[in-house]
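Participant: The sequence shown maps to residues 0 to 147 in numbering that gives the first Met the number 0. Built from N, CA and C at the ideal position, the CB exists for glycine as well. Let me give you the structure first, and then I'll get to my questions.
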Amino acid sequence: MTVAPPSESDRLRARITELENELGGLRRALRTRTVIAQATGLLAAVGEHAPQRGFRLLVDLSQQYNVKLHTLARQVVDLAADLGPRRAAALVGAGQGQELLDATGLLVQAHRDLVAAEGTPEWERRRDDMVTASRRLCERLLAVKTDN
Numbered sequence: 000m001t002v003a004p005p006s007e008s009d010r011l012r013a014r015i016t017e018l019e020n021e022l023g024g025l026r027r028a029l030r031t032r033t034v035i036a037q038a039t040g041l042l043a044a045v046g047e048h049a050p051q052r053g054f055r056l057l058v059d060l061s062q063q064y065n066v067k068l069h070t071l072a073r074q075v076v077d078l079a080a081d082l083g084p085r086r087a088a089a090l091v092g093a094g095q096g097q098e099l100l101d102a103t104g105l106l107v108q109a110h111r112d113l114v115a116a117e118g119t120p121e122w123e124r125r126r127d128d129m130v131t132a133s134r135r136l137c138e139r140l141l142a143v144k145t146d147n
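This is the structure in structure tokens:
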């Protein structure tokens, strides 16, 4: 039994799907690069150092806590909008100690554990762990000096 070759309309449909997927990927890349550039510039300006150092800080935090770079950058930009650029930069480690970074990492891990435990008997304990990690992070945030 032989299979008929794809028709012209099948080839065109496949090509359209391929191009739509490519366009979606390019749009996502543009959005993520824009927010990464914003966060990099913010950290560099507030920290009074080269943009490469701001970017390196983002990359290091992203790797340390296994969070996508663009997700971390979005959080920095959102914090700057809410708290002001100097305080936001302090909160992501440009001038504050390791304690805040550790508290953030604990919260990220607690959230991952909670998601992984969904539908299991462990879920309530994981939820309590996440609440505790959230409280610790809030305590660290409150300890950040407002003049940073």
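In this structure, does DSSP put residue 34 in helix, strand or coil?
Facilitator: Along the sequence shown, read from residue 1 onward, the residue named residue 34 stands at position 35. It is helical.
Participant: With a Cβ-Cβ cutoff of 8 Å, do residue 38 and residue 76 count as a contact?
Facilitator: The residue you call residue 38 lines up with position 39 of the sequence shown. The residue you call residue 76 lines up with position 77 of the sequence shown. In this structure, residue 76 lies closer than 8 Å to residue 38 by Cβ.
Participant: Where does residue 96 fall in DSSP's three states?
Facilitator: Counted from its first residue, the sequence shown places residue 96 at position 97. Here the model assigns residue 96 a pLDDT of 47, short of 50, so the residue's position is not dependable, and the following value carries that caveat. Reduced to three states, the DSSP call for residue 96 is coil.
Participant: Tell me the rounded alpha-carbon separation between residue 13 and residue 22.
Facilitator: To locate residue 13, count along the sequence shown from 1; it is residue 14. To locate residue 22, count along the sequence shown from 1; it is residue 23. The alpha-carbon atoms of residue 13 and residue 22 are separated by roughly 14 Å.
Participant: Following the continuous alpha helix (DSSP H) through residue 53, name the residue where it begins and the one where it ends.
Facilitator: Along the sequence shown, one-based indexing puts residue 53 at 54. First-last of the alpha helix (DSSP H) with residue 53: 50-64.
Participant: Pop quiz: residue 57 and residue 68 are said to be a contact at Cβ under 8 Å. What is the actual Cβ separation, rounded to whole angstroms?
Facilitator: As a first step, residue 57 is located in the sequence shown; it is residue number 58 there, counting from the start. As a first step, residue 68 is located in the sequence shown; it is residue number 69 there, counting from the start. At roughly 6 Å, the Cβ-Cβ gap stays under 8 Å, so residue 57 and residue 68 are in contact.
Participant: Nearest CA to the CA of residue 105: which residue from 17, 124, 64 and 83?
Facilitator: Working through the sequence shown from its first residue, we reach residue 105 at position 106. Closest option to residue 105, Cα to Cα, is 64.
Participant: Within 10 angstroms of the Cβ of residue 79, are there 16 or more other Cβ atoms? Answer buried if so, exposed if not.
Facilitator: Start at 1 with the first residue of the sequence shown, and residue 79 comes out as number 80. Flag for residue 79 reads buried.
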